[in-house]
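Chains as they are written, first to last, in full-length UniProt numbering: chain A, 1 to 115; chain B, 1 to 115. For every residue, glycine included, the Cβ atom is placed at its ideal position computed from N, Cα and C.
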DNA sequence: TTGACGCATGCCTATATCGGCATATGATGG
DNA sequence: CCATCATATGCCGATATAGGCATGCGTCAA
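If you want it as structure tokens, here you go:
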């Protein structure tokens with residue numbers, strides 16, 4: 001097998017820089033595909049494909065508006081990522097010296113604990 | 001081209017579930033490869049390869065300890081991701097009705113603004 | 001109905017990834 | 001120096017991705 005987890009989850013969806021750009025743009029409001037493509041300097045099919053991925057993981061929603069199709073942000077899916085990375089906050093706040101010490105302590109405790 | 005941005009950035013590094021698991025485990029302290037592999041139920045080469053990716057993006061560091069090589073967490077690289085997702089916090093906090101309204105307002109303003 | 005516009009898809013290529021397996025490399029102990 | 005443990009790598013295969021290009025489909029206007 002290759003690439004077990006595919007683009008079908010949020011982590012992968014935002015691993016693509018252009019998709020992140022799209023999300024950022026959509027913070028300013030709904031937009032049709034063409035406009036997004038233009039502002040980001042990509043072709044329309046390319047934008048559509050990225051939007052499809054974003055839609056499949058639930059980060060954007062679309063609604064028809066006459067001839068156009070407006071894409072809008074649904075950022076709720078980003079929350080889990082924010083929280084997951086937040087679980088490491090204490091580690092990047094510690095200075096490295098202290099972090100090492102902390103880590104040593106843990107390892108010590110782990111070994112004494114038997115596992 | 002395919003997959004323009006590769007595993008050489010932090011977003012891609014943590015897009016892999018097993019790499020995230022490794023990072024979580026490392027919060028409890030430094031560990032040798034074999035132990036990580038065992039606890040996560042993966043083969044040693046597999047663990048080594050994931051660790052290599054994590055090392056290349058700076059999320060883990062390694063140091064020799066006799067015959068072993070201990071891997072330790074360096075979570076600083078996760079901070080940008082935390083902050084990037086944090087930029088969407090107001091969007092997932094808004095109820096969707098209000099969000100739509102907000103978005104409409106922005107769009108309105110954008111159009112009136114001439115762009 | 002026809003034409004024009006807006007967008008989604010299909011097909012194809014190049015490439016990168018993950019995984020498995022075997023093996024190279026490194027360090028330690030005798 | 002040799003055997004052994006710990007880890008890194010190399011090579012291969014299967015698969016999925018991103019992008020390009022052409023084209024299909026739906027909607028609106030005349």
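Interface residues of chain A around residue 78(B) at Cβ under 7 angstroms?
Neighbours of residue 78(B) on chain A, chain order: 85, 88, 92.
First and last residue of the uninterrupted alpha helix (DSSP H) at residue 54(A)
First-last of the alpha helix (DSSP H) with residue 54(A): 44-56.
Just checking, does the region 64-82 of chain A make contact with the region 70-88 of chain B on the three C-beta pairs under 8 angstroms criterion?
Touching, per the Cβ criterion.
Exposed or buried, residue 128(A), counting other C-beta atoms within 10 Å across all chains shown (16 or more means buried)?
Residue 128(A) lies beyond the residue range present for chain A, which begins at 1 and ends at 115; the question has no answer from this structure.
Please report the distance separating the alpha-carbon of residue 48(B) from that of residue 33(B).
C-alpha separation (whole angstroms): 7 angstroms.
Is residue 82(B) close to chain A? Criterion is C-beta to C-beta, closer than 7 angstroms.
Using a Cβ-Cβ cut-off of 7 angstroms, residue 82(B) counts as an interface residue toward chain A, since at least one Cβ of chain A sits closer than that to its own.
Take residue 8(B) as the anchor and find which of 74(B), 20(B), 55(B), 17(B) has the nearest alpha-carbon.
Nearest option by C-alpha distance: 55(B).
Cβ of residue 47(A) less than 7 angstroms from any chain B Cβ?
Answer no: the Cβ-Cβ gap between residue 47(A) and chain B never drops below 7 angstroms.
Can a CB atom of chain A be found closer than 7 angstroms to the CB of residue 106(B)?
In this prediction, residue 106(B) scores a pLDDT of 49, lower than 50, which makes its location untrustworthy; no coordinate-derived value is stated.
Quick one: list the residues of chain B neighbouring residue 73(A), beta-carbon separation under 7 angstroms, in chain order.
Neighbours of residue 73(A) on chain B, chain order: 91.
Partners in chain B for residue 22(A), counting only beta-carbon separations shorter than 7 angstroms
At a C-beta separation below 7 angstroms, residue 22(A) has no neighbours in chain B, since its nearest C-beta there lies roughly 13 angstroms away.
Among residues of its own chain, excluding the 5 on either side of residue 72(B), which ones have a beta-carbon nearer than 6 angstroms to its beta-carbon?
Answer for residue 72(B): 30, 61, listed in chain order.
Local conformation of residue 72(B) per DSSP, three classes
Per DSSP, reduced to three states, the secondary structure at residue 72(B) is strand.
According to DSSP, is residue 115(A) helix, strand or coil?
Any reading at residue 115(A) must be qualified, since the residue scores a pLDDT of 36, below 50, and its modelled position is unreliable; the value itself is stated next. Secondary structure of residue 115(A) (DSSP, three-state): coil.
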